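Inspection log for the structure reproduced underneath, given as structure tokens.
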Amino acid sequence: MWDRVPRSGGPGAVPSLTPRTVARAHHISVAYLHRLFSDEGAGVGAWIREQRLANARADLENPDLDPVPIHRIAEKWGFSSASVFSRAYRESYGASPRDTRGERRTVRPRAR
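Our numbering puts the first residue of the sequence shown at 59, with every later residue one more than the last.
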């Protein structure tokens, strides 16, 4: 069920995910949704945050999005501020968003 949630609202659905929108997409109550997640050992909010961070990371690793400032990527995926995003990103991935983007830029393919 959880794999389908972000797609249930289309590609832009992740930034607007809330417990209410997830519950509505699956025709269940918000209380039942929270119960399901507690059975899995995680909260709905944590799962939503993981989805947002994963999408932001994909954007940071996309060379086509280099001109897009990091704070705009954070906004796009539903983070309230660049500092909130940066802290959450570092907690999840062990590197800053800027480091992620910089690592991709410095990795060059080997000459054959």
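Glycine included, each C-beta is placed from N, C-alpha and C at the ideal position. Computed from a predicted structure; not experimentally measured.
C-alpha distance - residue i paired with residue j, whole-angstrom precision
i	j	result
GLY136	PRO121	21 Å
ARG115	LEU94	27 Å
ILE86	VAL80	9 Å
ALA89	SER144	30 Å
TYR151	SER96	24 Å
Neighbourhood of residue i by C-beta, 8 Å cutoff - its chain only, sequence neighbours within 5 removed
i	result
ARG82	none
ARG117	Checking the displayed sequence, the identity of residue 117 turns out to be Asp instead of Arg. Excluding residues within five positions, the ones whose Cβ falls inside 8 Å are LEU123, VAL126, ILE131, LYS134 and TRP135.
LEU91	PRO77, VAL80, ALA81, HIS84 and VAL102
GLU161	ALA153
ALA140	ILE128, HIS129 and ALA132
ALA146	ARG107, LEU111 and PHE137
Candidates the options: closest to residue i by CA position
i	options	result
ASP157	GLU119, VAL142 and GLU108	GLU119
LEU75	GLU108, SER150 and PHE143	GLU108
Contacts around residue i, its chain only, beta-carbon distance under 6 Å, and the 5 residues preceding and following it disregarded
i	result
ARG159	LEU118
ARG148	SER154
Segment contact flag, the segment 91-107 with the segment 122-131, C-beta cutoff 8 Å, min 3 pairs: no
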